[in-house]
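Heads up: the structure comes next, in structure tokens.
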Amino acid sequence: MKRCLAFLLPASIVLLMGFGLAADAAKSSPTEELLPETSRQCASCHDELYNRFVAANAHARLKSFEWGTGLGGCEACHGNAQKHLDSGEKTDIFSFGDADEAKTNGMCMTCHKTGEFSQWAHGAHARNGLACTECHTIHKGKGRTAGDQMVLCGKCHADINAKMNYPSHHPVREGKMGCTSCHTPHAGAVIGSLKTTEQKNDLCLKCHSRYQGPFVFEHAPVVEDCTICHAPHGAAANNLLTQNEPFLCLQCHSAHFHMARIGDSTPHSGPSGDASNRWGESGWIRAYGTKCTQCHSQVHGSDLPSQGVSSHGRSLSR
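Quick note: the sequence shown uses the working numbering, first residue -8, plus one each step.
Here it is in structure tokens:
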């Protein structure tokens, strides 16, 4: 008998605790208690949206005075709900699904109107008639966007999305960064909606700081614009280069400049006759048949003078 009681007592305690937890769960959550009574009545028809909204949405945690509209909960975005509650007619309340982009965005910008949102009207998304709800869902909790960034942005920017599948690409596909690591979808003051008010390079150098100068011996395109040599979204060439070596380098540094082997001094013309190398055939082969960075390894700049006499220390070889 004692053994039986010893077993039943703990079991009874656990059972009572379970009833207590169930009773607590049935009560309103702290978030739900912030909502006006009219918003709670929305759950009678819109229970799925309501439960999602209350469970994890930042909007549900705001009190009426914190909203730009002066109303709270569901009414903050959908307007006064009493008429809709009385009639049950969809036309008696603001519906994002039926509103055009101007009315939808106007409602969101009642609150979201400072910072980067203040530049919304000047951006490409606004000019192309996008509504906030095409990228965002107002009821969802964590994340707030209507899906994964790469998939969501790729619906319109399919050409950019495709470049992310090139062998060399930023780790967006792997989830280590997103489109918004470099771009701001709301502001439009900067070309490409980049997260910088200065040069593109300033954005790149936030991660690639080791390439930031100034250097004693600089490479002009590095100072001017990283995208002269690099394709930021993806490339077939290594290191996001727009072309493989030596052809990328030869766009600026034509083949005629390269020194030949000692003793080779006969001028050499290319197969088409439109270019020549006055240092001979071996100079031509060196320019077209090797990777420039095998010798010129410090292409982003260096503080050390190169040893080649003809370059006056500027050939970025160390």
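Where is the CB? At the ideal position from N, CA and C, for every residue including glycine.
If you compare the alpha carbons of Cys68, Gly64, Ser306 and Asn156 with that of Glu209, the shortest gap goes to Ser306.
Two segments are said to touch when three or more pairs of C-beta atoms, one from each, lie closer than 8 Å; by this definition the region 148 to 158 does not touch the region 104 to 120. Assignment of His116 by DSSP, reduced to helix, strand and coil, places it in the helix class. With fewer than 16 other Cβ atoms from the protein chains shown falling within 10 Å of its own Cβ, Gly106 counts as exposed. Distances from the alpha-carbon of Met141 to those of Asn235, Cys170, Ala227 and Ser78 put Cys170 closest. Counting only unbroken stretches of 4 or more residues, the alpha helix (DSSP H) elements lying wholly within the region 41 to 118 are 66 to 69, 73 to 78, 92 to 99 and 115 to 118, in sequence order.
Taken in chain order, the whole alpha helix (DSSP H) runs of length 4 or more contained in the region 155 to 223 are 191 to 195 and 211 to 215. By the Cβ-count criterion, Thr175 is buried, with 16 or more other Cβ atoms from all chains shown falling within 10 Å of its own Cβ. By the neighbour-count definition (other C-beta atoms within 10 Å, threshold 16), Phe44 is a buried residue. About 6 Å separates the Cβ atoms of Cys68 and Ile129, confirming a contact at the 8 Å cut-off. The three-state reading of DSSP puts Leu232 in strand, counting E and B together.
Straight through space, the alpha carbons of Phe87 and Ser184 are spaced by roughly 26 Å.
Around Gln242, the same chain offers Gln234 as residues with beta carbons nearer than 8 Å, after the five sequence neighbours per side are excluded.
Around the beta carbon of Leu26, a 10 Å sphere encloses 16 or more other beta carbons of the protein chains shown; the residue is thus reported as buried. Between Gln203 and Leu196, the C-beta spacing is below 7 Å.
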